[in-house]
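So my numbering is basically just the index in the sequence shown, starting at one, shifted up by 52.
In this text, a Cβ means the ideal position worked out from N, Cα and C, and glycines have one as well.
Computed from a predicted model, the values in this text were never measured in an experiment.
Down below is the structure, laid out as structure tokens.
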Amino acid sequence: MCGGRRSPKLLATKRTQLNTDARRRLFDHTPDTLRAFLTDLDEPEYRADQILEWVYRRGARGFDQMTNLPKALRQRLAERLYLYESQIVQCARAGDGVTRFLLRWADGETAECVSIPADDRRTACISTQVGCPVGCVFCASGIDGVRRDLSAGQIVEQAMVVAHQAEDDTRLSNIVFMGMGEPLVNYDATIRAVRTINAAWGVNIGARKITISTIGLPKQMRRLAHEDLQVTLALSLHAPTDELRRELIPWAKGVTIAQLVEAARYYFDRTGREVTLEYVLLADVNDRPEHARQLADLARRMRCNVNLILYNPVEGFPYKRPGEASAHAFLHHLRARGTNAHLRSSRGLDVDGACGQLRRRE
Ligand code: SF4
53 MCGGRRSPKL LATKRTQLNT DARRRLFDHT PDTLRAFLTD LDEPEYRADQ ILEWVYRRGA
113 RGFDQMTNLP KALRQRLAER LYLYESQIVQ CARAGDGVTR FLLRWADGET AECVSIPADD
173 RRTACISTQV GCPVGCVFCA SGIDGVRRDL SAGQIVEQAM VVAHQAEDDT RLSNIVFMGM
233 GEPLVNYDAT IRAVRTINAA WGVNIGARKI TISTIGLPKQ MRRLAHEDLQ VTLALSLHAP
293 TDELRRELIP WAKGVTIAQL VEAARYYFDR TGREVTLEYV LLADVNDRPE HARQLADLAR
353 RMRCNVNLIL YNPVEGFPYK RPGEASAHAF LHHLRARGTN AHLRSSRGLD VDGACGQLRR
413 RE
């Protein structure tokens, strides 16, 4: 069994152990807050632009590399700010180039991020929380519930780690918030991180190349629609009926699929951005022809496209990955009903491909 056994109330209490000391991480800063920080140090504001240029454009890994800053300032910055707070404590590279990193933060907590190369580009899959409150019964990340939120800077730092760890010329082009945690529970930090990742002064990734994946919090989905961000919203449905969904995602029992249909429609109507339905295929659980028919009906009502994901088995969990033939049959059923659907290739299977496994082992 998984993290969903804990009551949401208890998880919410644990989640209040926040670690959002914005003053202590460079990646938590915007140009404005960094200027204010420098003003407090009696330094000229223009130093903020120099620092951001070093970090985001020139790939500096330490303040000592910022050679156009006075040595005394570099020293003061190093005493007051983390540039890279995390240490990579595990790194597992699969034969297909997918690399999973386990990062340890200054307080000893750990989170995973993943580098997924494809041709000349690279996607970073990043986490928003340490652990996950949702506790889907098939997922290793939620097994012990959530320990704390990550700050905006800690979320951004994962993208930067992936950008700098490339062993080839691939450039970071896409960001998916699909690692550990529920991004819309850690809403403010997630949105701040998205803005930094999207900003020309920051990581500089186009909003349309950023995907936020949620288990489905209707209120926050509506709120996101008003953020004036052109990000892609992915809704992890995983089951086409309330009954089955409550079995797979016990934490979501207070939310009905009908409410999600409305929220997804609202997001589409407000932003013009089609929502993607994520659907993990579990053998003999949610991969039958009637499930495909029900899912196609929902996708039509929500105006969504569908991403099918072949389950990456987790040691000790009873769920199995469907065979290729049955996955393609499911895809065929969807397409036959006019659904825009894709079967996502599974990557990194030889390095504990499922989210949360490195951390679990550590
Ligand atoms: S699948 Fe996603 S939402 Fe579900 S427990 Fe894992 S990390 Fe959390």
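Residue i and residue j closer than 8 Å at C-beta
i	j	result
Leu202	Leu133	no
Cys184	Cys165	no
Tyr331	Leu347	yes
Ile309	Arg297	yes
Arg239	Gln272	What sits at residue 239 in the sequence shown is Tyr, not Arg. Yes; because the gap between Cβ atoms is below 8 Å, this pair is in contact.
Gly281	Cys188	Contrary to the premise, residue 281 reads as Leu rather than Gly in this sequence. No.
Leu129	Gln142	no
Arg174	Thr222	yes
Arg244	Ala204	yes
Ala163	Val182	yes
Arg156	Ser179	no
Phe369	Leu333	no
Tyr319	Leu350	no
Buried versus exposed call for residue i [16 or more other C-beta atoms within 10 Å across all chains shown]
i	result
Phe89	buried
Ala64	Unreliable placement is indicated for Ala64, whose pLDDT of 37 sits below 50; no coordinate value is reported for it.
Leu360	buried
Ile140	exposed
Pro374	buried
Gly114	exposed
Arg75	Note that Arg75 scores a pLDDT of 46, beneath 50, so its modelled location is shaky; the value from the coordinates is reported in the next line. Exposed, since its Cβ has fewer than 16 Cβ neighbours within 10 Å.
Gly147	exposed
Asp336	exposed
Ala252	exposed
Asn338	buried
Ala388	exposed
His343	buried
Asp73	With a pLDDT of 47 at Asp73, under the threshold of 50, the modelled position of this residue cannot be trusted; read the value that follows with caution. It counts as exposed.
Arg152	buried
His380	exposed
Glu131	exposed
Ala377	exposed
His384	exposed
Asp80	buried
Arg57	Note that Arg57 scores 31 on pLDDT, short of 50, meaning its location in the model is unreliable; the coordinates nonetheless yield the value given after this. Counting Cβ neighbours within 10 Å, Arg57 comes out exposed, since fewer than 16 surround it.
Leu386	buried
Collect the residues with a C-beta less than 5 Å away from any heavy atom of the ligand SF4 and give them in sequence order along the chain.
-> Cys184, Val186, Cys188, Cys191, Ser193, Gly194, Ile267
Say whether the stretch 108–128 touches the stretch 188–207, bearing in mind that this needs 3 or more beta-carbon pairs closer than 8 Å, one atom from each stretch.
-> no
Take every Cβ of the stretch 207–223, pair it with every Cβ of the stretch 263–270, and state whether three or more of those distances are shorter than 8 Å.
-> no
Is the stretch 240–254 touching the stretch 287–295, taking contact as three or more C-beta pairs under 8 Å?
-> no
Segment contact, 8 Å Cβ cut-off, at least three pairs: the stretch 365–374 with the stretch 312–320 = no
Given 8 Å, three or more beta-carbon pairs between the stretch 280–289 and the stretch 327–344 | yes
Examine the Cβ distances between the stretch 221–232 and the stretch 100–109 and report whether three or more of them are shorter than 8 Å.
-> no
Going along the chain, which unbroken runs of the beta strand (DSSP E) with 3 or more residues stay wholly within the stretch 287–374?
-> 328–333, 357–362
Run through the stretch 236–287 for me and flag every whole beta strand (DSSP E) of 3 or more residues, listed as ranges in chain order.
-> 262–266
What beta strand (DSSP E) runs, 3 residues minimum, are completely inside the stretch 113–188?
-> 139–145, 151–156, 162–170, 173–177, 181–183
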